[in-house]
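Quick notes on the structure that follows.
Protein chains: 2
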Amino acid sequence: MPPLRRSPHASTARKAPEWTARKPLSRGVILRAALEMIDANGIDSLSMRQLGQALGVEAMSLYHYFKNRDDLLDGIVETVVQEIIDTVSKTNRPNQSWKTAARKFITAYRVVGNRHPNGFRLVAQRTLRTAAAKRVGEALTGAFAASGLNADQAIIAYRAMTCFVAGFVLLETSRMKPAYTTGNFNLEFEKSLDILLAGIESCFPRIG
Amino acid sequence: MPPLRRSPHASTARKAPEWTARKPLSRGVILRAALEMIDANGIDSLSMRQLGQALGVEAMSLYHYFKNRDDLLDGIVETVVQEIIDTVSKTNRPNQSWKTAARKFITAYRVVGNRHPNGFRLVAQRTLRTAAAKRVGEALTGAFAASGLNADQAIIAYRAMTCFVAGFVLLETSRMKPAYTTGNFNLEFEKSLDILLAGIESCFPRIG
DNA sequence: TTCTTCTACCTTACAGTGTAAGGGCACCGG
DNA sequence: CCGGTGCCCTTACACTGTAAGGTAGAAGAA
């Protein structure tokens, strides 16, 4: 149960104090509200004042939890990346083939990307400066390495796949109709994955 | 020779008229200045006022050539895309194999992406709403089709490659050091291209 | 010539932005 | 009781995009 907190505004009023059930702020609460705003109306709709309003708080209060707006955006990226990690680990099974692992990994990327289209745009541009990003690839490169690739090969395979999925989701989540498409994103995605996996197999014969 | 134009400010001054050699505005002139600003200092550094100042003009004058800032950004995208097209067509030769054509195409994408790192970020997010984007893929899908792929296969191969290169350049041009990298972007790029081309060959056996 | 219209640029104004600087109330450990 | 610390607040400033409308000069018509 969220603790009752006196509304700061009410505390300055003379009459009876008004009590609000406002959720106390925290990085997590703010980030979730921010991601919701972004997903609903685009990145430009996220202003400190409007975010504060959505949380029943003044804009400047947010600066207690985030250094500045950029820091907040980095936090959103981390939130989305973490969601990708969670999604992957939910479907991961031991002893699955590297192809299965890679497919699940990239698919989780896409699923989360479509769940947070505008949040994902942020991820695509600034993944690398967050700490979570450092962990996100371990599972996949690990699977590649366990299947016989050396470190450099695993990284290259990893990069080819993640770059593809980033570009794909970016394209898929833009509202506009692409000029060149079959109209069936699922098919294009799966077929492209087929291409990548077959290419890895063919270029790195030790794998398997 | 650019025509001498009376500086509007000077025209209201009482004394001797001052003549400036300011280049007359046009969509092209504005777009090139805007792209330059973006590449130098990032997208956020592009404000209508500052862009106007760089051109020796008030901010509102730009609205004679662009509906609004978004329209301007679309124009920048189109500029960059056109540069990609030009770069491709400069290296294109008749009778080259589909692999060579694809490699040149994707490489041109990357070269221009690195020449305009911040401009390219715009492209990655809004390529599709521009008219130039409609033409950019014709060469490549044409090469695929000419090599034996049917329409859907050509589109899928095209999409796999363009999504990859978009994601790759986005990663490559972000200042931060990625967590998983060999440190050799050129090698990673070429090897990833190998993977894609081998994968296309393997998944679409009719090609050749 | 003079009158009108058009083009290209301008000024002003407004609502909205991020955030620096600092204030004050509620709670806590002493 | 008292001083600190945490959490939220107000105020203020420089900046943004852009709506509304003005104006000086060029071009065309009479």
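For the record, the sequence lines run as chains A and B.
In terms of my numbering, the first sequence has 124 at position 124, counting the first letter as 1, and numbering is strictly consecutive.
In terms of my numbering, the second sequence has 1171 at position 171, counting the first letter as 1, and numbering is strictly consecutive.
Note that the Cβ used here is the ideal one computed from N, Cα and C, for glycine as well.
Note that the structure is predicted; figures quoted are calculated from it, not measured.
beta-carbon residue i near the ligand PLP non-hydrogen atom, thresh 7 Å
i	result
residue 93 of chain A	The model depicted lacks the ligand PLP and carries no ligand whatsoever.
For residue i, the three-state DSSP class (helix, strand or coil)
i	result
residue 23 of chain A	coil
residue 202 of chain A	helix
residue 94 of chain A	coil
residue 79 of chain A	helix
residue 116 of chain A	coil
residue 1018 of chain B	Summary for residue 1018 of chain B: the model assigns pLDDT 41, below 50, so the residue's position carries little reliability; its value from the coordinates is reported in the next sentence. The answer is coil: DSSP assigns residue 1018 of chain B none of H, G, I, E or B.
residue 1150 of chain B	coil
residue 1174 of chain B	coil
residue 1068 of chain B	coil
residue 1109 of chain B	helix
residue 180 of chain A	coil
residue 1142 of chain B	helix
residue 47 of chain A	coil
residue 207 of chain A	coil
residue 1057 of chain B	coil
residue 1042 of chain B	coil
residue 137 of chain A	coil
residue 1002 of chain B	Confidence at residue 1002 of chain B is low in this model, with a pLDDT of 36, below 50, so its placement is unreliable and no value can be given for it.
Among the options, the one whose alpha carbon lies nearest that of residue i
i	options	result
residue 1169 of chain B	A:172, A:69 and A:159	A:159
residue 110 of chain A	A:54, A:83, A:206 and A:78	A:83
residue 157 of chain A	A:23, A:182 and A:198	A:198
residue 143 of chain A	A:59, A:97, A:55 and A:34	A:97
residue 1117 of chain B	B:1029, B:1076, B:1058 and B:1140	B:1076
residue 1026 of chain B	B:1074, B:1166 and B:1061	B:1061
residue 1171 of chain B	B:1113, B:1139 and B:1090	B:1113
residue 1137 of chain B	B:1040, B:1106 and B:1023	B:1106
residue 1126 of chain B	B:1173, B:1047 and B:1081	B:1081
residue 1095 of chain B	B:1139, B:1023 and B:1044	B:1139
residue 1099 of chain B	B:1022, B:1161 and B:1034	B:1161
residue 1155 of chain B	A:163, A:153, A:182 and A:46	A:182
residue 1196 of chain B	B:1065, B:1087, B:1163 and B:1067	B:1163
residue 1090 of chain B	B:1108, B:1059 and B:1074	B:1108
residue 74 of chain A	A:59, A:23, A:115 and A:119	A:119
residue 23 of chain A	A:65, A:32, A:55 and A:153	A:55
residue 1069 of chain B	B:1031, B:1115, B:1180 and B:1087	B:1031
Buried versus exposed call for residue i [16 or more other C-beta atoms within 10 Å across all chains shown]
i	result
residue 1037 of chain B	buried
residue 1052 of chain B	buried
residue 42 of chain A	exposed
residue 104 of chain A	buried
residue 1191 of chain B	buried
residue 204 of chain A	buried
residue 16 of chain A	Reliability fails at residue 16 of chain A, whose pLDDT of 29 lies under 50, so the model's placement of it is uncertain and the value that follows must be treated cautiously. It is exposed - the Cβ of residue 16 of chain A has fewer than 16 other Cβ atoms within 10 Å.
residue 121 of chain A	buried
residue 167 of chain A	buried
residue 1049 of chain B	exposed
residue 1013 of chain B	Only weak support is given to the placement of residue 1013 of chain B: the predicted model assigns it a pLDDT of 32, under 50, and the question is left unresolved by the model.
residue 1029 of chain B	exposed
residue 1206 of chain B	exposed
residue 208 of chain A	exposed
residue 1194 of chain B	buried
residue 124 of chain A	buried
residue 1034 of chain B	buried
residue 1040 of chain B	exposed
residue 59 of chain A	exposed
Proximal residues of chain A, C-beta to C-beta of residue i below 7 Å
i	result
residue 1149 of chain B	The premise fails here: residue 1149 of chain B is roughly 12 Å from chain A at the closest Cβ pair, so nothing lies under 7 Å.
residue 1188 of chain B	156 and 159
residue 1152 of chain B	182
residue 1023 of chain B	Near residue 1023 of chain B there are no residues of chain A at all, since even the closest Cβ is about 32 Å away, more than 7 Å.
residue 1097 of chain B	Correct list: empty, because the minimum Cβ distance to chain A is about 17 Å.
Interface partners of residue i on chain B, CB under 7 Å
i	result
residue 168 of chain A	1163
residue 89 of chain A	Ordered by position in chain B, no residue passes the 7 Å Cβ test against residue 89 of chain A, which lies about 18 Å from the chain.
Cross-chain neighbours of residue i in chain B, by beta carbon under 8 Å
i	result
residue 71 of chain A	None at all; the shortest Cβ gap to chain B is about 15 Å.
Partner residues on chain A for residue i, Cβ-Cβ distance less than 8 Å
i	result
residue 1125 of chain B	121, 170 and 174
residue 1158 of chain B	180
residue 1196 of chain B	160, 195, 196 and 199
residue 1192 of chain B	156, 159, 160 and 163
residue 1061 of chain B	Chain A residues near residue 1061 of chain B: none, gap ~24 Å exceeds 8 Å.
Beta-carbon neighbours of residue i, restricted to chain B and to distances below 9 Å
i	result
residue 47 of chain A	None at all; the shortest Cβ gap to chain B is about 14 Å.
residue 141 of chain A	1180
residue 26 of chain A	Ordered by position in chain B, no residue passes the 9 Å Cβ test against residue 26 of chain A, which lies about 27 Å from the chain.
Tell me whether the segment 1184-1192 of chain B and the segment 138-151 of chain A touch, counting them as touching only if at least three CB pairs, one residue from each stretch, are closer than 8 Å. no
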